[in-house]
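K.L.:
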Amino acid sequence: MNRRPRLLTTAAVGAAAALLLTGCGGGGGGSKGNDKIAGADTGETTSASPSASATAVADRPKVNLPSDVKDKYESWQTGDKAKDEILTDTASRIDATNAAILSGDTGAPGLAFYYRDKALSGAVQWVQAYVDANLSFTGTTRYYSPQVTLSGAKSASVVYCADESKGFNKNRKTNKVDKTPSDESPYVLYNTRLEKNAQGVWQATNLISKRGDKTCAG
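Going by my numbering, the letters in the sequence shown line up with residues 109 to 326, in that order.
1. Label residue 230 either buried or exposed according to how many other C-beta atoms from any shown protein chain fall within 10 Å of its C-beta, with 16 as the threshold for buried.
2. Would you check if the distance between the CB atom of residue 332 and the CB atom of residue 205 is smaller than 9 Å?
3. Roughly how many angstroms separate the alpha carbons of residue 321 and residue 299, rounded to a whole number?
4. Start and end of the alpha helix (DSSP H) containing residue 222?
5. Measure the C-alpha to C-alpha separation of residue 264 and residue 313 and round it to an integer number of angstroms.
6. How do the stretch 214 to 225 and the stretch 240 to 251 stand: do at least 3 beta-carbon pairs fall below 8 Å, yes or no?
7. DSSP three-state label for residue 155, please.
8. Compute the Euclidean distance between the alpha carbons of residue 187 and residue 261, then round it to the nearest angstrom.
9. How would you call residue 278, buried or exposed, if buried means at least 16 neighbouring beta carbons within 10 angstroms?
10. Please give the ranges of any alpha helix (DSSP H) in the stretch 216 to 295, keeping only runs that are unbroken, at least 4 residues long and fully inside the region.
11. Between residue 327 and residue 182, what straight-line distance do the alpha-carbon atoms span, to the nearest angstrom?
12. By how many angstroms is the C-alpha of residue 217 removed from the C-alpha of residue 169?
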């Protein structure tokens, strides 16, 4: 059972705090993201860690993923300080969300730190859906082709792709991993809206996704 293709689809996490618990064989869908990612065919093709140069204005919560779970970020540095700070907080948000799912903790500090408003409600519901389904996950998720667009000093959007083909659902009680092939695409296009808070943290205020978007395949 592939991790998210066969379990959860975030149709509009944040926009309407919508979450579909589809279960095995469930359908995908989701709100449509951008049709094209500018520059998706450029940049590094090897794995790159998020920039360590982001200004440490706030005390960011420590996030530790278990050894069997990896979030891999490719071409996640642009050379532009402002954009790299946004991408660093975006990667930290992703890690914090996955850590909350794995621990089954809807009150994990990373959620309220990197989300706010309706996006926070949607993230909490997403974590709770995994808990209710008695599932966590294992494996590697690849995040790539990020595009950052700034709208002034405190607003931005980030579009990026995820490849979940090497991530699988795991029963929370038995730890049994289900690798049953999925008929859904493992590729997801994410489009996020972020606002910079008073502590200098770029928080997600809106997040939409589209599974199977052609710009993310391959």
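Here a beta-carbon is modelled for each residue, glycine too, at the ideal position from N, C-alpha and C.
P.N.:
In short, the structure shows the following:
1. buried
2. Residue 332 cannot be examined here, being either before or after the span of the chain that is shown, 109 to 326.
3. 12 Å
4. 217 to 222
5. 10 Å
6. no
7. The pLDDT assigned to residue 155 is 41, lower than 50, so where the model puts this residue is not dependable, and the model offers no usable value.
8. 17 Å
9. buried
10. 217 to 222 and 225 to 240
11. The structure shown does not extend to residue 327, since the chain is modelled only from 109 to 326, so the question has no answer here.
12. 7 Å
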